[in-house]
């Protein structure tokens with residue numbers, strides 16, 4: 400039971416309410432906040448690129464951001480125009496985003512691993528005036544430009560004959576021009592500052608509009624403390640966590656260790672070598688880290704906090720993390736891009752597997768899908784949420800906005816979950832992922848949890864295969880830990896012996912070399928569903 404003095408929420412009419420902390424707007428825009436904080440951080444180290452060992456101070460970061468902003472202005476980019484960024488994490492990746500913020504343009508991160516179809520979709524949706532990209536996606540972007548009516552200017556962080564080199568735009572302006580630049584003031588704090596694409600687990604990504612007010616609130620809250628910390632994360636700017644962590648590091652004068660992609664051993668090496676104190680990981684990364692076993696080779700004594708989000712970390716995995724890293728405070732959270740990030744957060748005394756309690760300025764309730772009634776503790780239903788950082792809406796998609804946020808301002812999350820008697824949130828599944836066998840509802844997450852308990856299983860995803868008589872039969876897609884052995888029948892038996900009859904893997908187990916992932920690092924279940932349809936019984 401949580402101690403009363405640690406309860407930072409109330410419950411009224413079955414609505415869970417975080418502490419109300421009115422935001423006093425000391426700044427009129429995100430650009431003003433970033434400008435003030437970067438300048439005050441001065442010669443302190445902002446970023447260290449672990450691939451090259453190069454370091455950038457806050458003063459050097461400010462110089463690059465201003466030069467980029469001057470170039471954007473010279474090319475006619477103005478308030479409300481979209482500037483897209485498609486790259487991984489490196490010393491220059493955040494620069495165009497901050498430059499856009501300084502002139503009240505909208506920055507719009509893209510997934511650098513996107514295919515042509517997705518590139519066409521996001522290009523036609525946001526119609527950027529400029530795209531900053533790395534070498535990896537440039538050919539896909541150029542192909543999408545040819546097939547669409549869009550003709551943005553392309554700037555590349557490396558070199559390409561059909562793009563402008565980023566290094567060239569930084570060298571176009573004199574020190575005097577840089578010194579005379581100032582961020583542009585903003586009249587409406589609710590104006591969109593950023594468009595982040597939803598994860599697209601079940602369809603093409605939508606553009607989530609995040610306001611200056613939203614990002615100011617997120618940047619200045621204390622849910623995540625990076626003050627003078629050495630932090631690292633593998634979230635690209637395409638993930639909401641990548642944006643939040645970058646902004647918080649600047650506002651709180653943190654030092655960030657940059658690395659382009661997650662690797663289990665590299666993560667341990669970075670923590671040991673650079674004395675990392677705070678790390679942000681997705682659940683997928685934590686599961687891979689636990690299974691890989693590299694912790695025995697490295698000293699992780701500097702690490703103080705692990706923040707995790709994304710899909711849900713099973714209680715067993717969290718207990719294992721607490722066991723092998725007893726000195727580390729581990730916080731699981733729940734949130735959505737549409738809500739501006741985190742809406743619940745674990746405290747040290749919270750139960751393993753929970754997502755903690757509601758944070759400041761958030762209200763949540765659990766609603767019965769059948770009759771719309773608000774449910775009490777330990778009764779699963781759809782999570783409805785309202786928060787001060789809720790999105791402005793889906794970009795150019797008022798119908799989707801209206802179907803997601805009701806007239807009273809409640810966002811219908813599409814997630815099934817419940818609060819226990821202590822007000823801790825537990826997530827069960829996505830509504831769209833629930834299956835039925837002969838009328839019985841099946842939560843894939845529960846079956847996946849059983850499969851993940853097998854020592855040979857790296858990851859698992861359960862999908863419903865259409866069946867003419869039984870509605871659906873569950874099939875499990877599984878990846879194995881390298882060198883580990885397990886058979887299809889062993890996993891079928893594991894589920895059959897651990898769960899009720901309707902959960903049996905009647906469509907079998909399929910082993911994969913690797914899972915397809917969305918841009919936000921989640922298993923792309925829509926691709927698995929396409930594969931599963933081929934197994935359907937008419």
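Residue numbers (our numbering): 400 to 937.
Every residue, glycine too, gets a C-beta built ideally from N, C-alpha and C.
Here the structure is a predicted model, which means the values were calculated and not measured.
Going by the C-beta, is residue i closer than 7 Å to any heavy atom of the ligand NAD?
{"i": "residue 449", "result": "The ligand NAD is not part of the structure shown, which contains no ligands of any sort."}
In whole angstroms, give me the CA-to-CA distance for residue i and residue j.
{"i": "residue 523", "j": "residue 547", "result": "7 Å"}
{"i": "residue 916", "j": "residue 926", "result": "9 Å"}
{"i": "residue 924", "j": "residue 596", "result": "17 Å"}
{"i": "residue 953", "j": "residue 933", "result": "One cannot answer for residue 953 here, as it falls past the ends of the chain, which runs 400 to 937."}
{"i": "residue 653", "j": "residue 631", "result": "10 Å"}
{"i": "residue 660", "j": "residue 688", "result": "14 Å"}
{"i": "residue 815", "j": "residue 792", "result": "22 Å"}
{"i": "residue 606", "j": "residue 696", "result": "42 Å"}
{"i": "residue 488", "j": "residue 510", "result": "12 Å"}
{"i": "residue 633", "j": "residue 867", "result": "43 Å"}
{"i": "residue 799", "j": "residue 737", "result": "12 Å"}
{"i": "residue 623", "j": "residue 732", "result": "11 Å"}
{"i": "residue 402", "j": "residue 821", "result": "Because residue 402 sits at a pLDDT of 36, beneath the cut-off of 50, its placement in the model cannot be relied upon, and the point is left open."}
{"i": "residue 806", "j": "residue 436", "result": "37 Å"}
{"i": "residue 700", "j": "residue 650", "result": "26 Å"}
{"i": "residue 477", "j": "residue 498", "result": "11 Å"}
{"i": "residue 377", "j": "residue 540", "result": "Shown here, the chain extends from 400 to 937; a query on residue 377 therefore has no answer."}
{"i": "residue 931", "j": "residue 662", "result": "29 Å"}
{"i": "residue 939", "j": "residue 847", "result": "Within the shown structure, residues of the chain are numbered from 400 to 937, placing residue 939 beyond reach of any answer."}
{"i": "residue 698", "j": "residue 720", "result": "15 Å"}
{"i": "residue 763", "j": "residue 493", "result": "33 Å"}
{"i": "residue 430", "j": "residue 899", "result": "55 Å"}
Report all residues from its chain with a CB closer than 6 Å to the CB of residue i; omit the five preceding and five following residues, and keep chain order.
{"i": "residue 480", "result": "504 and 528"}
{"i": "residue 775", "result": "413"}
{"i": "residue 761", "result": "417, 742 and 786"}
Among the residues of its own chain, which have a CB less than 8 Å from the CB of residue i, if the five just before and after it don't count?
{"i": "residue 837", "result": "869, 870 and 901"}
{"i": "residue 879", "result": "855, 856, 857, 885 and 910"}
{"i": "residue 563", "result": "552, 553, 554 and 555"}
{"i": "residue 850", "result": "856, 859, 861, 875, 877, 890, 893 and 894"}
{"i": "residue 588", "result": "424, 427, 428, 610, 611, 612 and 615"}
{"i": "residue 813", "result": "781, 829, 830 and 831"}
{"i": "residue 673", "result": "447, 449, 629, 631 and 656"}
{"i": "residue 817", "result": "765, 774, 776, 777, 778, 779, 780, 824, 825 and 827"}
{"i": "residue 469", "result": "571, 572, 576, 577 and 580"}
{"i": "residue 840", "result": "833 and 834"}
Considering residue i, what are the terminal residues of the alpha helix (DSSP H) in which it resides?
{"i": "residue 649", "result": "639–650"}
{"i": "residue 417", "result": "Looking at the DSSP string, residue 417 is not in any alpha helix (DSSP H); the run it does join, the beta strand (DSSP E), is 414–417."}
{"i": "residue 580", "result": "Unbroken run through residue 580: none, as it is neither H nor E."}
{"i": "residue 617", "result": "611–619"}
{"i": "residue 801", "result": "797–803"}
{"i": "residue 520", "result": "515–525"}
With respect to the beta strand (DSSP E) encompassing residue i, which residues constitute its N-terminal and C-terminal limits?
{"i": "residue 630", "result": "629–632"}
{"i": "residue 901", "result": "Per DSSP, residue 901 belongs to no beta strand (DSSP E) and is neither H nor E."}
{"i": "residue 732", "result": "728–735"}
{"i": "residue 879", "result": "870–879"}
{"i": "residue 593", "result": "591–596"}
Helix, strand or coil for residue i per DSSP?
{"i": "residue 865", "result": "strand"}
{"i": "residue 636", "result": "coil"}
{"i": "residue 849", "result": "helix"}
{"i": "residue 549", "result": "coil"}
{"i": "residue 842", "result": "coil"}
{"i": "residue 673", "result": "helix"}
{"i": "residue 923", "result": "coil"}
{"i": "residue 411", "result": "strand"}
{"i": "residue 780", "result": "strand"}
{"i": "residue 914", "result": "coil"}
{"i": "residue 829", "result": "strand"}
{"i": "residue 943", "result": "Coverage of the chain is limited to positions 400 through 937, which leaves residue 943 absent and any answer about it impossible."}
{"i": "residue 814", "result": "strand"}
{"i": "residue 483", "result": "strand"}
{"i": "residue 536", "result": "helix"}
{"i": "residue 857", "result": "strand"}
{"i": "residue 558", "result": "coil"}
{"i": "residue 663", "result": "helix"}
With a CB to CB cut of under 7 Å and the five nearest residues on each side skipped, what residues in its chain are close to residue i?
{"i": "residue 405", "result": "Interpretation of residue 405 is limited by its pLDDT of 41, a score under 50 that renders its predicted location unreliable; the figure taken from the coordinates is listed afterwards. The answer, listed in chain order, is 746 and 748."}
{"i": "residue 648", "result": "625, 630 and 655"}
{"i": "residue 458", "result": "441 and 442"}
{"i": "residue 400", "result": "A caution first: residue 400 carries a pLDDT of 29, below 50, which makes its placement in the model too unreliable to give a value."}
Taking the alpha carbon of residue i as the point to measure from, which residue in the options has its own alpha carbon closest?
{"i": "residue 803", "options": "782, 818, 817 and 821", "result": "782"}
{"i": "residue 872", "options": "935, 820, 819 and 848", "result": "935"}
{"i": "residue 759", "options": "887, 438 and 420", "result": "420"}
{"i": "residue 677", "options": "585, 568, 662 and 726", "result": "726"}
{"i": "residue 583", "options": "519, 723, 465 and 535", "result": "465"}
For a cutoff of 8 Å on Cβ pairs, would you count residue i as touching chain C?
{"i": "residue 665", "result": "No chain C appears in the structure shown, which is made up of a single protein chain."}
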